[in-house]
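S.K.: Supplied in structure tokens, the structure appears directly below.
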Amino acid sequence: MTDFSDTTAIATPEQYRAALLAVRDRMSDAHLAMLQAHCRAPDHTITATRLAEAAGLATYSAANLRYGTFAHWLADALGYAPDPRPSGAVRWWPALAYGKAGPEGALDGHFEWVMRPELVATLQSMRWA
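Counted the way the numbering used here counts, the sequence shown spans residues 5 to 133.
Below is the structure:
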């Protein structure tokens, strides 16, 4: 079983920069809004519900889909392939963050994504966040 709380770096800030520049022409305003909200959130920690709000999306499912798609593009640009689930499906968001189950009373009580520190540093140095 994959441990989504693994904080091991998957890329350097320089690699993230190159990957972001490689995919920026595919990014929508919603992708950028979610990245910015995630990076600017306290402790760089956010839920899909809050990502949806930041991007003006109606549901957390829509945010999961868009953020996951963006994460897939970024993972491809990084040459990063997350471990597949037992079903064979791949969750791409570990290219952006590691996760933790939201404890009772934390944020909105949902699964929380913590942006990878190397990505935070990159977004801040690029003035994208």
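By construction, the Cβ of each residue, glycine as well, lies at the ideal position given by its N, Cα and C atoms.
Which partner residues of Trp117 appear in the DSSP bridge assignment?
M.R.: Translated into positions along the sequence shown, residue 117 becomes position 113. In the DSSP output, where bridge partners are listed per residue, Trp117 has Ile50 and Gly103.
S.K.: From what residue to what residue does the alpha helix (DSSP H) around Tyr78 run?
M.R.: Residue numbering aside, residue 78 sits at position 74 when the sequence shown is read from its first letter. The sequence given here has Leu at residue 78, not Tyr. Note, Leu78: alpha helix (DSSP H), Tyr64 to Leu82.
S.K.: Whose C-beta lies closer than 7 Å to the C-beta of Trp96 among residues of the same chain, with five residues either side of it excluded?
M.R.: Numbered from its first residue, the sequence shown carries residue 96 at position 92. Excluding sequence neighbours, Trp96 sits near Gly72, Ala75, His76, Ala79 and Pro86.
S.K.: Could you check whether the segment 14–21 touches the segment 31–42, counting it as contact only if at least three pairs of C-beta atoms, one from each stretch, sit closer than 8 Å?
M.R.: Using a Cβ-Cβ distance cut-off of 8 Å, the segment 14–21 and the segment 31–42 are not in contact, since fewer than three pairs of beta carbons, one from each stretch, lie closer than that value.
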